[in-house]
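Numbering (the working numbering), first residue to last: 2 to 280. Quick reminder that beta carbons are idealized off the backbone N, C-alpha and C, glycines included. Okay, so here's the structure we're looking at.
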């Protein structure tokens, strides 16, 4: 049988081959999967398909903490048991599973911790961090982080509360982007509507809600969805302040944690990842 390939079809085939090559090349250059002990979890069992190739991986930022504010007095942030490991790795894997269930994005079932002291960050379009009220990036890490964002990366941060932790966060972020304003994300931004319509958002608390019955922590009484945009109007940094989406992911299978908080937390996560993959 003779097949007549039109110029348009040849172009499409060439583009498809190029996309396969790009994805394969990116996977080849990614650092191998690694797992660290967390503040709350250690030695969590790995799913049998944890090394499957994928389009998206939950990339979690590793970082040094402000001296005196590290968990368990541990200054060796490169080996776990540090601020960056809060909720890790359970929340990462629960969000990955939900993204796989609710979208057509092919996700890896396990996370990847990202160290800005190497170049692995450039292999991941979406990067997440918690407890950023106490992060303390070095000057080389700040430069790498800025380059990542300006080259098209997307950063989501979560689980920090009140005015003191906001000051700690902005002290670093203002070094990353000294001339870019942190603004409230408008309700009509695509990030709130790309999969789910999130017009009716509310404060998502951490696990402490189960015994305190408070949705807030410290003086963070109201939730804030803020961000930093690039010159083309793309949201580069999505700041979830005065809320704890990580706990809503981590405790998605906990019958004592209210389901309405997990539902909203998951929907925000799915929207943010999808936005990062398409903008």
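What residue from 46, 109, 111 and 40 has the CA that sits closest to residue 80's CA? For the purposes of this step, residue 80 is identified with residue 79 of the chain shown, where counting begins at 1. The shortest Cα separation from residue 80 among 46, 109, 111 and 40 belongs to 40.
Who does residue 244 pair with in a DSSP beta bridge? Position 243 of the chain shown holds residue 244. For residue 244, which the question treats as bridged, DSSP gives the partners 161.
Residue 266 lies in the alpha helix (DSSP H); which residues open and close that run? The residue labelled residue 266 in the question sits at position 265 within the chain shown. 260-279 is the extent of the alpha helix (DSSP H) around residue 266.
Please report how far the alpha carbon of residue 266 lies from the alpha carbon of residue 136, in whole angstroms. Taking the chain shown and counting its residues from 1, the one referred to as residue 266 is at position 265. Taking the chain shown and counting its residues from 1, the one referred to as residue 136 is at position 135. Taking the straight line joining both Cα atoms gives about 23 Å.
Counting only the same chain and skipping the five closest in sequence on each side, list residues whose C-beta sits under 6 Å from that of residue 86. Locating residue 86 in the chain shown gives position 85, where the first residue counts as 1. So the list reads 39 and 40, once near-sequence residues are dropped.
Just verifying my parser: in three-state terms, what is the DSSP assignment at residue 32? By one-based count along the chain shown, residue 32 stands at place 31. If DSSP states are grouped into helix, strand and coil, residue 32 belongs with coil.
Residue 82 to residue 37 span [Cα, whole Å]: Taking the first residue of the chain shown as position 1, residue 82 is located at position 81. Taking the first residue of the chain shown as position 1, residue 37 is located at position 36. Cα-Cα distance, rounded: 8 Å.
Give me the DSSP bridge partner(s) of residue 114. The residue labelled residue 114 in the question sits at position 113 within the chain shown. Bridge partners of residue 114: 61.
Under 6 Å Cβ to Cβ from residue 179, same chain only, skipping five residues before and after it: list those, please. Residue numbering aside, residue 179 sits at position 178 when the chain shown is read from its first letter. If we look at residue 179 and ignore the five residues flanking it on each side, it has no Cβ neighbours.
Spatial neighbours of residue 204 within its chain, please: CB distance less than 6 Å, with the 5 preceding and 5 following residues excluded, ordered by chain position. On the chain shown, residue 204 is found 203 positions in, with the first residue counted as 1. Excluding five sequence positions before and after residue 204, the CB atoms of its chain that fall closer than 6 Å to its own CB belong to 216, 224 and 244, given in chain order.
N-terminal and C-terminal residue of the alpha helix (DSSP H) that residue 151 is part of: Within the chain shown, numbered from 1, the residue matching residue 151 stands at position 150. From DSSP, the alpha helix (DSSP H) with residue 151 extends over 140-151.
Less than 8 Å between the CB atoms is what I'm expecting for residue 230 and residue 138, so what's the real figure, rounded? For the purposes of this step, residue 230 is taken as residue 229 along the chain shown, with counting starting at 1. For the purposes of this step, residue 138 is taken as residue 137 along the chain shown, with counting starting at 1. Taking C-beta atoms under 8 Å as the contact rule, residue 230 and residue 138 fail to qualify, at a distance of about 21 Å.
Among all the DSSP beta bridges, which residues are the ones paired with residue 108? For this step, residue 108 is matched to residue 107 along the chain shown. Per DSSP, 57.
Going by beta carbon distance, what residues of the same chain come within less than 6 Å of residue 134, once the five residues before and after it are set aside? Here the question's residue 134 lines up with position 133 in the chain shown. Counting only Cβ-Cβ distances below 6 Å, and skipping sequence neighbours, we find 161, 166, 169 and 170.
Going by CA-CA distance only, name the one from 92, 258 and 146 that's closest to residue 173. Here residue 173 refers to the residue found at position 172 of the chain shown. Among 92, 258 and 146, the Cα nearest to that of residue 173 is on 146.
If you run the structure through DSSP and keep just helix, strand and coil, what is residue 122? If you number the chain shown from 1, residue 122 lands on position 121. Three-state DSSP puts residue 122 in a helix.
Looking at the secondary structure, which residues open and close the alpha helix (DSSP H) in which residue 212 lies? Along the chain shown, read from residue 1 onward, the residue named residue 212 stands at position 211. Counting along the chain, the alpha helix (DSSP H) containing residue 212 begins and ends at 210-213.
What do you get for residue 89, buried or exposed, if any count of 16 or more other CB atoms within 10 angstroms of its CB means buried? Position 88 of the chain shown, counting from 1, holds the residue named residue 89. It counts as buried.
Secondary structure of residue 155, DSSP reduced to three states: Numbered from 1 along the chain shown, position 154 holds the residue referred to as residue 155. Of the three classes helix, strand and coil, the one that applies to residue 155 here is strand, per DSSP.
Using C-beta distances below 6 Å, list every residue in its chain close to residue 219, excluding the 5 sequence neighbours before and after it, in chain order. Looking up residue 219 in the chain shown gives position 218. 162 and 163, listed in sequence order.
Residue 129 and residue 61 look like a contact to me (Cβ under 8 Å); what is the Cβ gap, rounded to whole Å? Residue mapping note: residue 129 aligns to position 128 of the chain shown, counting from 1. Residue mapping note: residue 61 aligns to position 60 of the chain shown, counting from 1. Confirmed, about 6 Å.
Is it right to say residue 260 is buried, meaning 16 or more other beta carbons lie within 10 angstroms of its own, or is it exposed? Here the question's residue 260 lines up with position 259 in the chain shown. So residue 260 counts as exposed.
Based on Cα-Cα distance, which residue from 268, 176 and 69 lies nearest to residue 202? Taking the chain shown and counting its residues from 1, the one referred to as residue 202 is at position 201. Selected option, being the one with the closest Cα: 268.
Just reading off the alpha helix (DSSP H) that residue 102 is part of, what are its end residues? Indexing the chain shown from 1 puts residue 102 at position 101. For residue 102, the enclosing alpha helix (DSSP H) has its first and last residue at 91-103.
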